[in-house]
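A short worksheet on the structure shown next.
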Amino acid sequence: MSEQLIKQIKMDLENVVSTKRYIHTMGVVESSKELAIRYDEDVEKATIAALMHDYAKDFKKERLMEFINQANIELDEVFIKAKELLHGKVAALIAKRKYNIEDEDILNAIEFHTTGRENMSKLEKIIYLADFIEPGRDYKVVEGLRVLAKEDLDRAVLKTLDNTIKYVIDIEKPLHPNTFFARNELLVKLHKV
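For the sequence shown, position 7 (counting from the first letter as 1) is numbered 1230 according to the numbering used here, and the numbering increases by one without interruption.
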């Protein structure tokens, strides 16, 4: 992987996503780099995963399903009903097929940034968290999460998972089991259970 790959993804991304989404993505890149430095993770890998995380976010459901079907990916009921969760899977497919990204950690960070999952790698946690705390985000608890993110990656991810669960319940949408599993695993790890 190289600077050339990062440059190419940035150029392509400008033509694939809305201006608003591009600005958000650059914010996620910025936050991911900061977290990668703070938690001794590969900055280049964090940059690539951050650039790709919402690559397919603006795709219509039909286009997302074309990618899913072509790759013979089986979806559970929640993924089928919640279009907003599919873009991570599709973005990971594009990363692999179009950009020849083979690093499983990068691909998993892209794929699972919407739900989290049990036993997330450090890079997965960084991308998951950066998506919620990037500079353009402005919601009730974001400042507290930004502070916590600088102190304790696991606790910040746990708090973000808690907020996601509350939000999804409040808007009466289906919550993917991966999110519960990620939360429970971190609770046990942090000795809260």
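Yeah, the Cβ is synthetic: ideal placement off N, Cα and C, and Gly gets one too.
Pairwise C-alpha distance: residue j and residue i
i	j	result
isoleucine 1271	isoleucine 1394	31 Å
lysine 1319	glutamate 1257	25 Å
aspartate 1361	serine 1254	14 Å
glutamine 1231	histidine 1414	43 Å
leucine 1368	lysine 1284	31 Å
glutamine 1227	valine 1380	31 Å
alanine 1315	tyrosine 1262	23 Å
valine 1301	isoleucine 1356	25 Å
aspartate 1328	glutamate 1307	22 Å
serine 1370	alanine 1353	A quick correction: the sequence has valine, not serine, at residue 1370. C-alpha separation (whole angstroms): 12 Å.
methionine 1234	glutamate 1267	17 Å
tyrosine 1498	valine 1365	Nothing in the structure corresponds to residue 1498, since the chain is present only between 1224 and 1416.
alanine 1372	isoleucine 1303	32 Å
Min CB distance residue i to chain D below 8 Å
i	result
threonine 1338	Looking at the structure shown, chain D is missing, and only one protein chain is on hand.
Residue i, enclosing alpha helix (DSSP H) - first and last residue
i	result
glycine 1250	1242–1261
aspartate 1385	1376–1393
valine 1364	First-last for valine 1364: undefined, no H or E at that position.
threonine 1402	1400–1412
glutamate 1334	1327–1334
alanine 1315	1306–1320
isoleucine 1349	1345–1356
lysine 1396	Taken as a continuous stretch (DSSP letters only), lysine 1396 belongs to no alpha helix (DSSP H), as it is neither H nor E.
aspartate 1235	1226–1239
glutamate 1341	Taken as a continuous stretch (DSSP letters only), glutamate 1341 belongs to no alpha helix (DSSP H), as it is neither H nor E.
asparagine 1292	1284–1293
isoleucine 1324	It is not in any alpha helix (DSSP H) - isoleucine 1324 carries neither H nor E in the DSSP assignment.
isoleucine 1296	Taken as a continuous stretch (DSSP letters only), isoleucine 1296 belongs to no alpha helix (DSSP H), as it is neither H nor E.
alanine 1279	Alanine 1279 -> no alpha helix (DSSP H), and no H or E assigned at all.
Cβ neighbours of residue i in the same chain (closer than 8 Å, five flanking residues each side left out)
i	result
alanine 1305	Lys1396, Pro1397 and His1399
glutamate 1264	Leu1258, Lys1345, Leu1346 and Ile1349
glutamate 1237	Tyr1245
Contacting residues, own chain, Cβ-Cβ under 7 Å from residue i (five flanking each side not counted)
i	result
alanine 1405	Gly1339, Arg1340, Glu1341, Met1343 and Leu1384
threonine 1387	Thr1402
glycine 1359	Ile1246, His1247 and Gly1250
Beta-carbon contacts of residue i that lie in its chain and below 6 Å, excluding the five residues immediately before and after
i	result
valine 1313	Ala1279, Leu1287 and Phe1290
threonine 1337	Leu1308 and Gly1311
methionine 1275	Ala1314, Ala1318 and Ile1333
Distance between beta carbons of residue j and residue i, contact taken as under 8 Å
i	j	result
aspartate 1281	valine 1240	5 Å
Q.
Count Cβ pairs between the region 1256–1272 and the region 1325–1333 that sit closer than 8 Å; are there 3 or more?
A. With the rule of 3 Cβ pairs closer than 8 Å, the region 1256–1272 counts as touching the region 1325–1333.
(Q) Under 8 Å: do the region 1244–1251 and the region 1321–1328 share three or more Cβ pairs, one atom per stretch? (A) Contact fails: fewer than three Cβ-Cβ distances are below 8 Å.
Q. Counting Cβ pairs, one atom from each stretch, are 3 or more of them under 8 Å apart for the region 1365–1384 and the region 1286–1305?
A. By the Cβ rule, the region 1365–1384 does not count as touching the region 1286–1305, because fewer than three pairs are nearer than 8 Å.
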